[in-house]
Each structure stands twice: as C-alpha cells, then as structure tokens.
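Numbering (this note's numbering), first residue to last: 2 to 214. The beta-carbon is built from N, C-alpha and C at its ideal position, and this holds for glycine as well. For clarity, every value in this text was computed on a predicted model and none was experimentally measured. Down below is the structure, laid out as structure tokens.
Structure below.
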C-alpha cells in the first residue's frame, strides 16, 4: 500500500475516533448474525433483492483501517450494490489499489465479491426500495459502469470523476432516491462517506452479519 494512501487513511481514522467520542445514538436497523460457511452463496443470492447493499470485511491491513472510519458499526470495510439478471447476482462496486490506481467500477458475480479467501466476514443491508426506485438505481449504476469511473485514491467526496466504494454507493442512491436523506460523516471539517453512513440509513430494514470464522 502506497505511503500517500496510508497517510490519508490514518488521517481519516484519527478524525473518526475523535468524532466517535461525541457521537449521539440514532435508530439502528435490526442486526442478525450467522456464520458465512453455514449459508451457501446460492441461498444468500435467493434472499437478496435488487438494490440491497452488499458488505464485506477484507483480511488485509487496508481493510482494517477502513473499518475504523465507521462511527457506529466497524464490522465492514467495503460495500457495493446488487442487482439480479438471468438468475445471477451482480455486484457493482468501486475498488482500487496503488498498483492499479485507475481501476474502474466493477460489475462482478456475488460469489467473487464474497470470496472467503479475501474476507473475514460478509453481509448485506436489506433495502426498502420501490420498483421505480430500483429501476432508477440500476440505470445510474449502469451509467457509472459504462463510463468506467476510476477509484478515488484521495477519498475526496467533492469530486465525481473518481469514486471510492462507499462514495459510489452513496451517490448512486442519492441520484436515484433523492429523499433517502443520506448524510456523510463530518469530523473536524473533513467529510467522507463511511460504510455505516449507508448501512444504517432509514431505508435499511435489517443487516445480516456473516463472519467466516
């Protein structure tokens, strides 16, 4: 992991710790826990609905740092949005690395996104969206995907030409469901989208947490 990215993440982590000391309690969705190895991916795919937020916790140092940016729920480090087509669950998500900084938004199968060799836990946040909202959301995601928007290594939510993972999900939801009322974390003047800004929004009916161990 490049030094610049480390310093950016360390700075954001420090701000999130400071903010968490003054955080006030909000309504939280129902949280369920099982073990990932007890539930086949096919079974999860059958449960998921279009527009649900899929979640995972990577097993590397960067993922551990990203989890610390969450003020309420530090179990997840990465997210995407799922849609089904011809009995296949596809995940739209944005991910990048120093070795491939221009990596574009991905559309990959659910089993790839949830791969146990790369993650310590997986999960999802079940969304309450109308059919019209789901349709608009998929159109926005397809547009992002076709434009091949690269990952934002600077984690700057004020630009749209590059998007990091939670920023991509947040902006897709805000464009398709404006009344959803998502709010970014603001710590000492620095704003960023964290995973729990999304997984704990008012449209989430429940969160499923599935550790691999």
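Burial state of residue 48, where buried means 16 or more other Cβ atoms lie within 10 Å: Reading the chain shown from its first residue, position 47 is the one you call residue 48. Counting Cβ neighbours within 10 Å, residue 48 comes out exposed, since fewer than 16 surround it.
Distance check for residue 87 and residue 191, CA to CA, integer angstroms please. Locating residue 191 in the chain shown gives position 190, counting from the first residue. Locating residue 87 in the chain shown gives position 86, counting from the first residue. Going from the Cα of residue 191 to the Cα of residue 87 covers about 42 Å.
Is residue 202 near residue 181, with beta carbons less than 8 Å apart? Here residue 202 refers to the residue found at position 201 when the chain shown is read from its first residue. Here residue 181 refers to the residue found at position 180 when the chain shown is read from its first residue. Going by C-beta atoms, residue 202 is nearer than 8 Å to residue 181.
Tell me the rounded alpha-carbon separation between residue 121 and residue 160. Stepping through the chain shown from its first residue, residue 121 is reached at position 120. Stepping through the chain shown from its first residue, residue 160 is reached at position 159. Distance between the alpha carbons of residue 121 and residue 160 is about 31 Å.
Euclidean distance between Cα positions of residue 94 and residue 80: Sequence index remark: in the chain shown, residue 94 carries index 93 (1-based). Sequence index remark: in the chain shown, residue 80 carries index 79 (1-based). For residue 94 and residue 80, the distance between alpha carbons rounds to 7 Å.
Is the beta carbon of residue 106 less than 8 Å from the beta carbon of residue 56? Taking the chain shown and counting its residues from 1, one reaches residue 106 at position 105. Taking the chain shown and counting its residues from 1, one reaches residue 56 at position 55. Not in contact: residue 106 and residue 56 (Cβ atoms no closer than 8 Å).
On the CB-based measure, 16 or more other CB atoms within 10 Å of its CB, does residue 153 come out buried or exposed? Walking along the chain shown from the start, residue 153 turns up at place 152. Residue 153 comes out buried.
Beta-carbon proximity of residue 178 to residue 142, cut-off 8 Å: Within the chain shown, residue 178 is the residue found at index 177, counting from 1. Within the chain shown, residue 142 is the residue found at index 141, counting from 1. Not in contact: residue 178 and residue 142 (Cβ atoms no closer than 8 Å).
If you draw a straight line from the C-alpha of residue 23 to the C-alpha of residue 62, how long is it? In the chain shown, the residue the question calls residue 23 occupies position 22. In the chain shown, the residue the question calls residue 62 occupies position 61. Because the pLDDT at residue 23 is just 41, under 50, the model does not fix this residue reliably, and the point stays unresolved.
Less than 8 Å between the beta carbons of residue 76 and residue 128, yes or no? In the chain shown, counting from the first residue as 1, residue 76 sits at position 75. In the chain shown, counting from the first residue as 1, residue 128 sits at position 127. Their beta carbons are not under 8 Å apart, which means residue 76 does not touch residue 128 by this criterion.
With distances taken from CA atoms, which of 85, 206, 98 and 60 is nearest residue 164? Residue 164 sits at position 163 when you count from the first residue of the chain shown. The candidate whose alpha carbon is nearest that of residue 164 is 98.
Comparing C-alpha positions only, which one of 73, 72, 74 and 78 sits nearest to residue 66? Position 65 of the chain shown, counting from 1, holds the residue named residue 66. Measuring from the Cα of residue 66, the nearest candidate turns out to be 78.
With burial defined as no fewer than 16 other Cβ atoms inside 10 Å of the residue's Cβ, what is the status of residue 137: buried or exposed? Along the chain shown, one-based indexing puts residue 137 at 136. Residue 137 comes out buried.
How about residue 118 and residue 51: are their beta carbons less than 8 Å apart? Within the chain shown, the letter at position 117 stands for residue 118. Within the chain shown, the letter at position 50 stands for residue 51. Against a cut-off of 8 Å, the Cβ pair of residue 51 and residue 118 comes out as no contact.
Given that a residue counts as buried once 16 or more other Cβ atoms are within 10 Å of its Cβ, and exposed if not, what is residue 158? By 1-based counting over the chain shown, the position of residue 158 is 157. The residue in question, residue 158, is buried, as its Cβ has 16 or more Cβ neighbours within 10 Å.
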